[in-house]
Amino acid sequence: MRTSEKQVKPIEIDDINIIENEKTKKAITAAALGNAIEWFDFGVYGYVAYVLGKVFFPDASPSVQMIAALATFSVPFIFRPLGGLFFGHLGDKYGRQKVLAITVIIMSISTFGIGLIPSYETIGLWAPILLLIVKIVQGFSIGGEYSGAAIFVAEYSPDRKRGFMGSWLDFGSIAGFVLGAATVALITHAVGEARFAEWGWRIPFFLALPLGIIGLYLRNRLEETPVYQQHSEQQAQKSKPQKFSFKEIFVKHKRSLLVCIGLVISTNVTYYMLLTYLPSYFSHNLGYSEAHGALIIIAVMVGMLFVQPVIGYLSDKFGRRPFIFIGSFSLIFLSYPAFVLLNSGVNYQIFIGLLILALSLNMSIGVMASTLPALFPTEIRYSALGIAFNFSVVIAGLTPTLTATLVETTHNLMVPAYYLMICGVVGIATAMYLKETANKPLIGGVPIAHNIEEAQELLEEFHETIEQKIENIDQKIQELQQKRQKLADKHPDIA
14 MRTSEKQVKP
24 IEIDDINIIE
34 NEKTKKAITA
44 AALGNAIEWF
54 DFGVYGYVAY
64 VLGKVFFPDA
74 SPSVQMIAAL
84 ATFSVPFIFR
94 PLGGLFFGHL
104 GDKYGRQKVL
114 AITVIIMSIS
124 TFGIGLIPSY
134 ETIGLWAPIL
144 LLIVKIVQGF
154 SIGGEYSGAA
164 IFVAEYSPDR
174 KRGFMGSWLD
184 FGSIAGFVLG
194 AATVALITHA
204 VGEARFAEWG
214 WRIPFFLALP
224 LGIIGLYLRN
234 RLEETPVYQQ
244 HSEQQAQKSK
254 PQKFSFKEIF
264 VKHKRSLLVC
274 IGLVISTNVT
284 YYMLLTYLPS
294 YFSHNLGYSE
304 AHGALIIIAV
314 MVGMLFVQPV
324 IGYLSDKFGR
334 RPFIFIGSFS
344 LIFLSYPAFV
354 LLNSGVNYQI
364 FIGLLILALS
374 LNMSIGVMAS
384 TLPALFPTEI
394 RYSALGIAFN
404 FSVVIAGLTP
414 TLTATLVETT
424 HNLMVPAYYL
434 MICGVVGIAT
444 AMYLKETANK
454 PLIGGVPIAH
464 NIEEAQELLE
474 EFHETIEQKI
484 ENIDQKIQEL
494 QQKRQKLADK
504 HPDIA
């Protein structure tokens with residue numbers, strides 16, 4: 014019988030990639046700023062949806078106005094998978110840094126463009142059409158933003174700190190939302206609700222352009238990720254560079270795709286429920302002013318900012334899966350009590366209800382940026398994550414519209430709680446199939462450390478792991494030999 018042995022080169026200290034903390038910090042800052050711009054728009058849009066309904070759909074009833082404005086928010090999510098496919102392919106072929114520089118400027122220009130659109134009274138039906146077109150362009154660019162930013166941070170982060178480093182990406186998301194919501198509240202307070210509805214709502218959208226220019230400047234100054242550079246060098250040395258098709262992603266990485274989709278749906282539904290739908294829920298269904306509802310949620314979001322890095326740090330110690338389970342169980346058992354508190358009409362109870370939902374969300378988003386990129390190998394990471402993430406976001410992005418419609422048709426203010434409970438079940442089911450990735454190198458990459466001392470520790474751990482595996486194999490061989498001997502003693506004619 015012909016046998017062949019594959020020679021495996023043992024890992025050495027030179028095989029461990031050492032990335033200085035300063036480079037990692039710059040990468041995180043640039044990536045998080047782009048995410049902040051994305052969620053700045055979500056924060057603004059969520060709080061001005063009630064006003065936009067009046068500006069762009071004046072002939073409709075108040076309920077239809079709100080649903081129409083939220084639908085304009087949700088429809089562009091359909092185009093995010095196309096953006097994920099397009100920018101994901103470019104990111105795997107030409108590099109992460111170049112693509113992220115493109116997405117941040119398209120995203121900021123399209124957000125700025127919303128503020129330029131005339132009202133329905135000025136140009137008629139063209140007003141909502143232009144709003145939808147701008148949101149579609151925005152959705153297309155965002156399709157390559159989060160997945161690329163998460164990959165960029167993950168590929169720059171040491172293996173032992175990937176959870177902590179990745180948590181700052183969604184810190185940027187929450188900070189962007191808080192900034193957007195706070196901007197709306199401040200402008201509303203400064204000019205009054207009447208003037209805000211007339212022209213003040215445009216100001217927050219205009220602020221996206223200078224933020225985008227800063228983001229573009231920071232991203233253009235960054236080097237390509239060390240992981241992608243190593244991959245490119247390996248490809249250049251091959252006589253036939255490795256090629257892949259989208260079919261390969263769906264065939265060879267089906268499990269990872271499904272896990273990614275489940276995690277993103279359960280997390281982002283909660284995200285959009287809390288940050289985009291609830292502002293309109295407070296103003297339209299519970300009768301609060303836009304500013305009052307905004308201030309309560311902003312206070313909770315500020316608290317989330319401080320919890321976020323803590324969750325990331327702890328996930329490096331205890332793993333990602335425990336926090337996903339905790340967050341999912343919290344949604345199942347605490348969503349209903351949380352919405353009972355939200356509907357109480359008492360400020361401190363409303364605050365507690367929001368805090369419950371926020372902490373449940375923190376548990377999941379604190380580990381998403383470190384968990385999702387680790388599901389796929391380097392050569393397809395951007396494409397695969399772009400497909401799975403943005404397909405999931407299509408479903409999650411419909412949350413504000415579907416929830417508003419269900420509340421209006423059923424007249425049941427607890428519908429959002431049931432919605433979140435279902436997402437909790439999805440989160441648990443998905444987490445059961447998730448392999449733990451904490452403190453492990455990314456698939457297709459070498460171990461990463463932030464200094465030579467940590468690199469030596471990683472090398473020692475690697476050798477100890479190999480030795481333990483060899484001992485386990487030797488033990489299995491001995492057990493099999495003992496079983497064989499027992500069988501031989503019982504059946505000497507066979508032996």
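Mind the numbering: the sequence shown is residues 14 to 508 in the working numbering, read in order.
Backbone N, C-alpha and C fix where the C-beta goes; we use that ideal spot for every residue, glycine too.
Kindly confirm or deny that the stretch 405 to 419 and the stretch 347 to 364 touch, where touching means at least three C-beta pairs closer than 8 Å. no
Which residues in the same chain as LYS19 place their Cβ atom closer than 8 Å to its Cβ, once the five residues preceding and following it in sequence are excluded? Caution applies to LYS19, whose pLDDT of 44 falls short of 50 and renders its modelled position unreliable; the value that the coordinates give is listed next. Excluding sequence neighbours, LYS19 sits near nothing in its chain.
Nearest-angstrom beta carbon gap, LEU276 and ILE200 [assumed within contact, 8 Å]: Cβ-Cβ separation between ILE200 and LEU276: approximately 36 Å, too far for a contact (criterion under 8 Å).
What are the start and end residues of the alpha helix (DSSP H) that includes ASN233? 221 to 233
Run through DSSP, which three-state label would ILE136 get? For ILE136, the secondary structure class from DSSP, reduced to helix, strand or coil, is helix.
CA-CA distance, LYS256 and LEU370? 44 Å
Whole-number beta carbon distance between LEU385 and LEU374, since they are thought to touch under 8 Å: About 16 Å separates the two Cβ atoms, so there is no contact after all.
Cβ of GLY189 within 7 Å of Cβ of ALA49? yes
The alpha helix (DSSP H) that contains PHE92, what's its start and end? Taken as a continuous stretch (DSSP letters only), PHE92 belongs to no alpha helix (DSSP H), as it is neither H nor E.
Use the C-beta contact count for ILE142: other C-beta atoms within 10 angstroms, 16 or more gives buried, fewer gives exposed. With fewer than 16 other Cβ atoms inside 10 Å of its own Cβ, ILE142 counts as exposed.
Can you tell me which of ASN452, SER279 and ASP172 puts its alpha carbon nearest to the alpha carbon of ILE435? SER279
Which runs of the alpha helix (DSSP H) fall wholly inside the stretch 148 to 200 and span at least 4 residues, in chain order? 158 to 169
I'd like to know if the stretch 98 to 105 and the stretch 140 to 157 are in contact, where contact means that at least 3 CB-CB pairs between them fall below 8 Å. yes
Buried or exposed for THR422, going by 16 or more other Cβ atoms inside 10 Å? exposed
Check this for me: beta carbons of PHE70 and ILE149, under 7 Å apart or not? no
In whole angstroms, what separates the C-alpha of PHE177 from that of THR283? 22 Å
Cut-off 8 Å between Cβ atoms - residues of its own chain near LEU318, not counting five sequence neighbours on either side: PHE184, ILE187, ALA188 and VAL191
Counting only the same chain and skipping the five closest in sequence on each side, list residues whose C-beta sits under 7 Å from that of VAL240. GLU168, THR391, LEU455 and GLY458
Specify the secondary structure class of PRO335 as computed by DSSP and reduced to three states. helix
So, do the stretch 437 to 449 and the stretch 307 to 317 have three or more beta carbon pairs nearer to each other than 8 Å? no
Output the distance between the C-alpha atoms of SER17 and ILE227, rounded to the nearest integer angstrom. Here the model assigns SER17 a pLDDT of 43, short of 50, so the residue's position is not dependable and the matter cannot be decided.
In the structure shown, what three-state DSSP assignment does SER121 receive? helix
Let me check understanding here. Comparing Cα to Cα, which of ALA382, HIS244, LEU299 and PRO292 lies closest to ASP329? ALA382
Secondary structure of LYS503, DSSP reduced to three states: helix
For ILE324 and ILE400, the rounded distance between their alpha carbons: 26 Å
Contact check, SER132 vs ALA221, beta carbons under 7 Å: One thing to note: SER132 has its Cβ no nearer than 7 Å to the Cβ of ALA221.
Where does ALA371 fall in DSSP's three states? DSSP places ALA371 in helix when its eight states are reduced to three.
Pull up the CB-CB distance for LEU235 and ALA45, whole angstroms please, since I reckon it's below 8 Å. The Cβ separation is near 13 Å, so there is no contact.
So ALA194 and ILE119 are in contact, right, with Cβ under 8 Å, and what is the actual spacing, rounded? No, ALA194 and ILE119 are not in contact; Cβ-Cβ is about 23 Å, not under 8 Å.
Option in CYS273, PHE55, MET427 and GLY205 with minimal Cα separation from THR124: Of CYS273, PHE55, MET427 and GLY205, the smallest CA-CA separation from THR124 is found for PHE55.
First and last residue of the alpha helix (DSSP H) that includes PHE521? The requested residue 521 does not occur in the structure, where the chain is confined to residues 14 to 508.
Is there a Cβ of chain B sitting closer than 7 Å to that of GLY379, yes or no? Considering every chain present, this structure includes no chain B. It has just one protein chain.
Start and end residues, alpha helix (DSSP H) containing ALA401: 394 to 410
So what does DSSP say about ILE142, is it helix, strand or coil? Under the three-state reduction of DSSP, ILE142 is assigned to helix.
For SER180, which of LEU327, GLN250 and GLN362 has the nearest alpha-carbon? Ranked by how close their Cα comes to the Cα of SER180, the residues LEU327, GLN250 and GLN362 have LEU327 in first place.
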